[in-house]
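J.:
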Amino acid sequence: MEKLRQTPSQTVGPFFAYSLTAEQYGYDYNSLINGLLINHDTEGERIYITGRIYDGKGQTIPDALIELWQADANGQYRSLPIHQKNDGFTGLGRLGTGTDVQDRFLFTTIKPGSIGDGQAPHINIILFMRGSLHRLYTRLYFSDESATNSQDELFNTIPEERRNTLIAQRKQNAGRIEYHFDIYMQGEKETVFLMYITNDVIS
Amino acid sequence: MENSQLIEVEPINFNVQPPHLYSEYKSTILRSPTKPLIPVKEQLKDLSLPAFGDSAIGKWDHDLTKNARKNGEPIGERIKVSGKVMDEYGRPLRNVLVEIWQANAAGRYIHKAEIHDAPLDPNFLGAGRMLTDREGRYSFYTIKPGAYPWGNHFNAWRPNHIHFSVIGHQIGHRLVTQMYFPGDPLFEFDPIFQSVPKHARELLIAKFRMDWTEPEFALAYEFNIVLNGKCQTPFE
Chain A
1 MEKLRQTPSQ
11 TVGPFFAYSL
21 TAEQYGYDYN
31 SLINGLLINH
41 DTEGERIYIT
51 GRIYDGKGQT
61 IPDALIELWQ
71 ADANGQYRSL
81 PIHQKNDGFT
91 GLGRLGTGTD
101 VQDRFLFTTI
111 KPGSIGDGQA
121 PHINIILFMR
131 GSLHRLYTRL
141 YFSDESATNS
151 QDELFNTIPE
161 ERRNTLIAQR
171 KQNAGRIEYH
181 FDIYMQGEKE
191 TVFLMYITND
201 VIS
Chain B
1 MENSQLIEVE
11 PINFNVQPPH
21 LYSEYKSTIL
31 RSPTKPLIPV
41 KEQLKDLSLP
51 AFGDSAIGKW
61 DHDLTKNARK
71 NGEPIGERIK
81 VSGKVMDEYG
91 RPLRNVLVEI
101 WQANAAGRYI
111 HKAEIHDAPL
121 DPNFLGAGRM
131 LTDREGRYSF
141 YTIKPGAYPW
151 GNHFNAWRPN
161 HIHFSVIGHQ
171 IGHRLVTQMY
181 FPGDPLFEFD
191 PIFQSVPKHA
201 RELLIAKFRM
211 DWTEPEFALA
221 YEFNIVLNGK
231 CQTPFE
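Each protein sequence line maps, in turn, to chains A and B. Here the first sequence stands for residues 1 to 203, where the numbers follow full-length UniProt numbering. Here the second sequence stands for residues 1 to 236, where the numbers follow full-length UniProt numbering.
1) P39/B by DSSP, collapsed to three states: which one?
2) Buried or exposed for M179/B, please, with buried defined as at least 16 other CB atoms from any protein chain shown within 10 angstroms of its CB.
3) Which value, in whole angstroms, describes the spacing of the CA atoms of W60/B and A220/B?
4) Given this structure, state the Cα-to-Cα distance separating residue 237/B from L20/A, to the nearest angstrom.
5) Let me know if V101/A comes out buried or exposed under the rule of 16 or more other beta-carbons within 10 Å of its beta-carbon.
6) Identify, in the order they occur along the chain, each residue of the same chain with its Cβ nearer than 8 Å to the Cβ of M129/A, setting aside the five sequence neighbours on each side.
7) So, for S32/B: in the same chain, excluding its five sequence neighbours on each side, which residues have a beta-carbon less than 7 Å away from its beta-carbon?
8) Please report how far the alpha carbon of S203/A lies from the alpha carbon of A51/B, in whole angstroms.
9) Between T191/A and N74/A, what straight-line distance do the alpha-carbon atoms span, to the nearest angstrom?
10) Is G91/A close to the ligand GDP? I mean its beta-carbon at under 7 Å from any heavy atom of the ligand.
11) Please list the segments of the beta strand (DSSP E) lying wholly inside the stretch 68 to 103 of chain A, counting only runs of 3 or more residues, in order along the chain.
12) A147/A: buried (16+ other C-beta within 10 angstroms of its C-beta) or exposed?
13) Which residue's Cα is closest to the Cα of T42/A: K3/A, T90/A, G58/A, I49/A?
14) Can you name the start and end residues of the beta strand (DSSP E) that T109/A belongs to?
15) Just curious, the beta strand (DSSP E) that N156/A is in, first and last residue?
16) Within 8 Å (strictly less), CB to CB, does R174/B reach chain A?
17) Determine the direct distance from the alpha carbon of E222/B to that of K207/B, and round the result to whole angstroms.
18) Give the list of continuous beta strand (DSSP E) stretches no shorter than 3 residues that lie fully inside the stretch 124 to 181 of chain A.
19) Quick one: is I66/A near chain B, going by C-beta distance under 8 Å?
20) With a cut-off of 8 Å, do at least 3 Cβ pairs link the stretch 24 to 39 of chain A to the stretch 172 to 190 of chain B?
21) Assuming residue 254/A and E161/A make a contact with CB atoms under 8 Å, what is their CB distance in whole Å?
22) So S139/B is in the beta strand (DSSP E); what residue range does that whole segment cover?
23) Pick out whichever of L36/A, L92/A, D144/A, L106/A has its Cα sitting closest to the Cα of G168/B.
24) So within the stretch 92 to 143 of chain B, which uninterrupted alpha helix (DSSP H) runs reach at least 4 residues, ignoring any that extend past its ends?
25) Just to confirm the assignment, what range does the beta strand (DSSP E) spanning E222/B have?
26) Does the stretch 148 to 155 of chain B come into contact with the stretch 79 to 88 of chain B, if we say contact requires no fewer than three beta-carbon pairs (one atom in each stretch) closer than 8 Å?
27) Excluding the 5 residues preceding and the 5 following T28/B in the sequence, name in chain order all residues of the same chain whose CB lies nearer than 6 Å to its CB.
28) Taking the alpha carbon of D144/A as the reference point, which residue from G131/A, H180/A, T157/A has its own alpha carbon closest?
29) Closer than 8 Å by C-beta to L133/A: which residues in its own chain qualify, once you throw out the five before and the five after it? Chain order, please.
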C-alpha cells in the first residue's frame with residue numbers, strides 16, 4: 001500500500017482560547033475538555049497539579065495550551081467516550097496558561113495507578129504554544145514514588161542529570177495535596193521532551 | 001492481520017514536518033527545545049486516547065455561520081470546508097475530534113488579547129468542532145477568514161488560514177495545524193507557512209472543489225488530514 005505523507009504540523013498560535021478552552025477564558029462556547037478530570041464519584045487520591053511554563057529567558061509563558069492524559073487510580077487508560085462514564089473520570093485534561101495572574105495552570109485530578117509493565121505512575125503531557133511548531137510530549141512522575149520511579153523503564157533511559165525535570169514535587173497546601181511541575185523550554189533545567197516510536201503494522 | 005509485519009516509524013518525519021527551531025519565526029527562538037527528544041516505545045494499547053461520543057457535540061458546532069448568531073448572519077464569503085482524516089495508509093479514522101478556530105472575514109480574531117484594528121462581527125465567533133464519521137469525513141460551514149497582521153517583523157501578514165486541532169485514537173495522533181487557501185500571495189512572506197519543507201507545503205493548502213460547491217449558497221474546499229502511524233482498532 002502506498003504511504004501517504006503526514007499533514008505537517010503548525011503552531012497553535014496565540015488565539016486558540018475561544019475554541020479550545022472557551023469556558024476557562026469566559027467565551028460563550030462550551031468546553032469538551034477542561035482542567036477538571038474527575039467528579040465526587042471518582043475513585044482515587046484527589047490531587048492538584050500546578051506549575052508554570054518558562055521560556056529560554058526565564059519568563060513565564062502566558063499563552064500556552066497544556067493537555068494531560070492519564071490512567072485512572074487502577075492504572076487503566078480509558079477508551080470509552082468521555083461523556084458516557086459514570087464515575088466522572090475523563091482521563092484527559094486541557095487548560096491554557098492565560099487566565100492566572102502568575103501564568104499557572106491548575107488541574108484537579110486523581111493520582112493515577114501504575115499501569116504495570118514496570119512503569120511508575122505517571123501523567124502524559126502534551127504541550128502547545130505560539131512559537132512552537134509541534135506538539136511537545138513530556139511526562140510527569142511523582143516525587144513520593146522514588147522507589148517505583150527508579151524501576152521505570154523510560155525514566156531509566158533518561159540521562160540521570162535530567163531526570164528531575166520530570167518529577168512533580170508533592171506539597172500540602174491548605175489541607176490539599178498539590179504536585180508542582182514547572183516546565184522549562186530551554187536552559188539548564190530544560191524539561192525532557194519525548195517522541196513516541198510506534199510499532200507500525202502494515203497488513 | 002496474518003501477514004502483518006512490524007516496522008518502526010519516526011513519529012516526526014522531518015521530510016514533511018517543520019523543525020522545532022525556525023528562526024525566521026521569531027517566537028521559536030526562546031520556545032523550542034534545544035536538547036534531543038527522548039524516544040519512547042510503548043505498546044499501542046497503552047497509547048489509546050479517550051474517545052468522544054456524539055452527545056458531546058452541539059447541534060450547530062459544525063456550522064460557524066450559525067453557532068454564534070445574535071441578530072443576523074455573519075458577514076463574509078460563506079464556504080464549506082470538508083475532508084477526510086486518515087492514517088498514513090489512507091485508512092479512514094472515524095470518531096476523531098476535529099476542532100477549528102479562525103479570524104472573521106475582516107481578519108479579526110475574537111480573542112480578548114487581540115489588538116488588530118479590524119471590526120468584530122457580532123454574529124461570528126470563529127470556533128467549531130465535530131467528530132469524523134464512519135468514513136473519516138468531516139465538513140464545516142464557515143466564513144472565509146481574512147488576512148491578519150502580526151508582529152513577527154515589519155509589515156508581517158498571515159495568509160488566510162483556519163486552525164485545526166485533531167485528537168485521534170492514540171497519543172501520536174495528536175495534531176495541531178493550519179489550513180491555507182490556494183494561490184495566496186502571502187505564502188512567500190509567511191515564516192510559519194515557510195517553516196514547512198518546500199515540497200510538503202502543498203499538504204497544507206486546501207483544494208478548491210467546484211463539484212462540492214452548493215449552488216447559490218457556498219463555495220467548497222477540500223482539506224484532507226493524514227495523521228502519523230497506523231489506524232488502531234476502530235472505535236465502536
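Glycine residues also receive a C-beta, built at the ideal position from the N, C-alpha and C atoms. In this text the structure is predicted, and so the values were computed from the model without any measurement.
T.: By the coordinates alone:
1) Here P39/B sits in strand by DSSP.
2) Buried is the label assigned to M179/B, since at least 16 other Cβ atoms lie within 10 Å of its Cβ.
3) Computed Cα separation, rounded: 19 Å.
4) Look at the range of chain B in this structure, 1 to 236, and you will see that residue 237/B is not part of it.
5) Exposed, since its Cβ has fewer than 16 Cβ neighbours within 10 Å.
6) Closer than 8 Å at the Cβ level, and outside the excluded window around M129/A, lie T11, V12, I53, I61, D63, A64, L65.
7) Correct list, in chain order: H20, L21.
8) Below a pLDDT of 50, predicted positions are generally treated as unreliable, and S203/A, at 31, falls in that range; the measurement from the model is reported next regardless. Whole-angstrom Cα-Cα distance: 24 Å.
9) T191/A and N74/A have their C-alpha atoms spaced approximately 28 Å apart.
10) In the structure on display, the ligand GDP does not appear, and there are no ligands present to speak of.
11) Counting only runs of 3 or more, we get 92 to 96.
12) By the beta-carbon neighbour count (other beta carbons within 10 angstroms, threshold 16), A147/A is exposed.
13) The residue among K3/A, T90/A, G58/A, I49/A with its C-alpha nearest the C-alpha of T42/A is T90/A.
14) Segment 105 to 110, the beta strand (DSSP E) holding T109/A.
15) Counting along the chain, N156/A falls outside any beta strand (DSSP E), though it belongs to the alpha helix (DSSP H) covering 153 to 157.
16) Taking Cβ atoms only, chain A reaches closer than 8 Å to R174/B, which makes this a yes.
17) Rounded to the nearest angstrom, the two C-alpha atoms are 5 Å apart.
18) List check, beta strand (DSSP E) in window: 136 to 142, 167 to 173, 176 to 180.
19) For I66/A, no Cβ of chain B is located within less than 8 Å of the residue's own Cβ.
20) The count of Cβ pairs closer than 8 Å, one atom from the stretch 24 to 39 of chain A and one from the stretch 172 to 190 of chain B, stays below three, leaving the stretches out of contact.
21) Coverage of chain A is limited to positions 1 through 203, which leaves residue 254/A absent and any answer about it impossible.
22) First-last of the beta strand (DSSP E) with S139/B: 137 to 143.
23) Here the closest residue by C-alpha is L92/A.
24) Complete alpha helix (DSSP H) runs here, min 4: none at all.
25) For E222/B, the enclosing beta strand (DSSP E) covers residues 219 to 222.
26) The stretch 148 to 155 of chain B, when compared against the stretch 79 to 88 of chain B, does not touch it at the 8 Å Cβ threshold.
27) Contacts found: L21, Y22.
28) Here the closest residue by C-alpha is H180/A.
29) Only S9, Q10, T11 meet the Cβ criterion.
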